[in-house]
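All residue numbers for the sequence shown refer to my numbering, where the first residue is 1 and numbers rise by one.
In what follows, a structure is listed as structure tokens, so that the remarks can point back to it.
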Amino acid sequence: MSTTTASELYPEVKAFLEGGPLKGIVGGNEVEANSGETFVTSDPGSGKQLAEVFSFQAADIDMAVDVADAAFRKTGWAQLPQNERSALLHRLADAVEKHKPMIAQLESLDAGKIEAQAQGDVQNFVDTMRYFADLAQHVQRRSVLAVPNHEAWTVRQPYGACGFIFPWNFPFLLIGWGIAPALAAGNTVVIKPAEDTPMSAIYLARLAKEVGIPDGVINVVPGLGSVAGAALSANPKLKRMSFTGSPEVGRLVAESCGRNLVPVKLELGGKGAAVLFNDIDIPDTAEKLVNAITFHTGQVCCDATRWLVHKDIYDEFVNECVGRLKKVQVGYQLNDASQMGPVVNEKQHKRVLSYLEKGQAEGAECLLEGGAAKVEGYNGYYVKPALLAGSLDNVAAREEIFGPVAYLAPFETEAQAIEMTNATDYGLANSVWTSDLSRAARVAEAMCAGNSWINAHNVFAHGVPYAGINKSGMGGGVLSVETLFDYWRSLSVVRPL
Ligand code: NAD
């Protein structure tokens, strides 16, 4: 396990942490929870407290939605010419890019994410903001309708105040995926970050004020899911809601929104498959899938967690993977030598270990043991990568573990591989690996999910829609032209001639 020295904290990061208890940002002001209640956010790599954060209650959340609603109606944000609104969002992207090292270090500390990976997430936020700021200037919001005896057209208008609830695995990146299209379209937003990772959202709202985004356009309301998250999803004044997280909580959020007839988008979990045919480059594919399952310690919704391998190459592929996984450096997230950091908290640590136990109790073969890992000098939530194999009816093959655990099964025919891929309640992302590109396209199109990738896993390009179906999501998805249109309501205007 990696033991070299961790990088120093930037002075700005130290100052941010020492400036606690951290407040939410509402209407451009730093705001305490009215009750004075706080919660603690900790470093998963050391187990130490990072900061106290004000814990917003229902009344605080309702006040923030009122502020976002007023900002939509009164600040002129929604009426700004598109090029001016986009220019402000570009300024925000520039400011985030300038502060990338600090934001990435805060994110790394809070989420347990390897620092270089956190820098990639911050850059992704910047790219997303620029993508939607530019896109909004190049799409037509007005369409003339050719209807006999009528002058008619449709026009797209922003909705108003939109609520966002985010998980802890990609806190900053996902904020970008969520709010960039909503803001570019002229809406205002209320962001509820996960209680494990609230810091980067607060930092962002401070930057938004500095660059001149009008007060009340971007609000951040830290708090517990069952209190602040529940209050946000039950607020009838919201015009749209977006939730990213587990299917269990997604269902609660959708129920609340349904009662108020607030349109809701859900981006949920997954149990993706990678299908490996017998004509692949085995070492290269092993390297890529090992990287995928260890990336952010396997806490990735779209990860390939079921590896379906043609029987001819199964043994060789397993050997290649086991050799590589044994060499993965588990270590503190701010240590340059670390390749895989901790999981986010004690609950997640127990969850990963319990699936290893339950899976084997149900008869899974253990190809690589995994289990808890120790990192010298750090009392954090570390685990080793693990490989299980066997029947796809096994609990470890069916349920989302959210850790560095892959489940393997051999197949013989293409039809069998497709059937095995689709035998899940989830429907987020799968990949197919083969040098036969006709077969690749055929299998990719037969996979029942929102996304199919060819000879790669975890592929995100701005402009390609990313969404889940079934237990993995509903209501639209992210990252594409369609996402921008999701944040405009359509109004038809007609005059009889
Ligand atoms: P989670 O559902 O426990 O929490 C997500 C958010 O919901 C947090 O902000 C939490 O505070 C809030 N919340 C909790 N209870 C709530 C309630 N009763 N009402 C309203 N909000 C509440 O999920 P998590 O453990 O933070 O994240 C992991 C899950 O997120 C995994 O299932 C993962 O696959 C999924 N995920 C999906 C995507 C995607 O794009 N499809 C991306 C990242 C993560």
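Glycine included, each C-beta is placed from N, C-alpha and C at the ideal position.
Beta carbon of Gly223, beta carbon of Phe56: below 9 Å?
yes
When you compare each of Ala208, Tyr378 and Leu207 to Gly112 by their alpha carbons, which one comes out closest?
Tyr378
Inter-residue spacing [alpha-carbon to alpha-carbon] between Val318 and Trp433
15 Å
Buried or exposed by the 16-neighbour rule on C-beta atoms within 10 Å, applied to Asp121
buried
Following the continuous alpha helix (DSSP H) through Gln123, name the residue where it begins and the one where it ends.
Glu115 to His138
Let me know the beta strand (DSSP E) ranges lying completely inside the segment 34 to 83, each 3 residues or longer, listed in chain order.
38 to 42 and 49 to 54
Can Phe54 be considered in contact with the ligand NAD, in the sense that its beta carbon sits closer than 8 Å to one or more heavy atoms?
no
Exposure of Gly245, with buried meaning 16 or more beta-carbon neighbours within 10 Å:
buried
Residue from Asn260, Asp215, Val383 and Pro247 whose Cα sits closest to the Cα of Lys237:
Asn260
Are the segment 301 to 318 and the segment 406 to 425 touching by the rule of at least three beta carbon pairs closer than 8 Å?
yes
Rounded to whole angstroms, what's the CA-CA distance from Ala337 to Glu357? Just pull it up for me.
30 Å
Going by DSSP, what residue range makes up the beta strand (DSSP E) through Ser242?
Arg240 to Thr244
Consult DSSP for Tyr545 and reduce its assignment to one of helix, strand or coil.
This structure cannot settle anything about residue 545, because the visible part of the chain is limited to 1 through 497.
Could you pull out every unbroken alpha helix (DSSP H) segment of at least 4 residues lying fully inside the segment 338 to 388, listed in chain order?
346 to 361
Apply the 10 Å Cβ neighbour rule to His349 and answer buried if 16 or more other Cβ atoms are within range, or exposed otherwise.
buried
Please look up how many angstroms separate the CB atoms of Ser472 and Gly427, rounded, as I've assumed it's under 8 Å.
5 Å
Within the present structure, is the beta-carbon of Trp453 separated from the nearest heavy atom of the ligand NAD by less than 8 Å?
no
Residues in its own chain within less than 8 Å of His99 by CB, not counting five upstream and five downstream?
Glu12, Tyr203 and Leu207
Return the chain-ordered list of same chain residues with a C-beta closer than 7 Å to the C-beta of Ala6, the five sequence neighbours on each side being excluded.
Tyr332, Leu334 and Asn335
Keeping to the same chain, check which residues put their C-beta closer than 8 Å to that of Val83; ignore five residues upstream and five downstream.
Inspection of the sequence shows that residue 83 is occupied by Asn rather than by Val. Taken in chain order, the residues that qualify are Gln137.
With DSSP as the reference, label Pro193 as helix, strand or coil.
coil
So what does DSSP say about Gln108, is it helix, strand or coil?
First, the residue type needs correcting, since residue 108 is Ser and not Gln in the sequence shown. Of the three classes helix, strand and coil, the one that applies to Ser108 here is helix, per DSSP.
Taking the C-alpha atoms as reference points, what is the distance between Arg156 and Asp486?
10 Å
What is the rounded straight-line gap between the Cα of Thr297 and the Cα of Ser143?
47 Å
If we ignore side chains and look at the alpha-carbon of each, how far apart do Ala33 and Val227 end up?
12 Å
Just to check, is the beta-carbon of Tyr466 closer than 8 Å to a non-hydrogen atom of the ligand NAD?
yes
Test item: CB-CB of Ile165 and Gly225 under 9 Å:
yes
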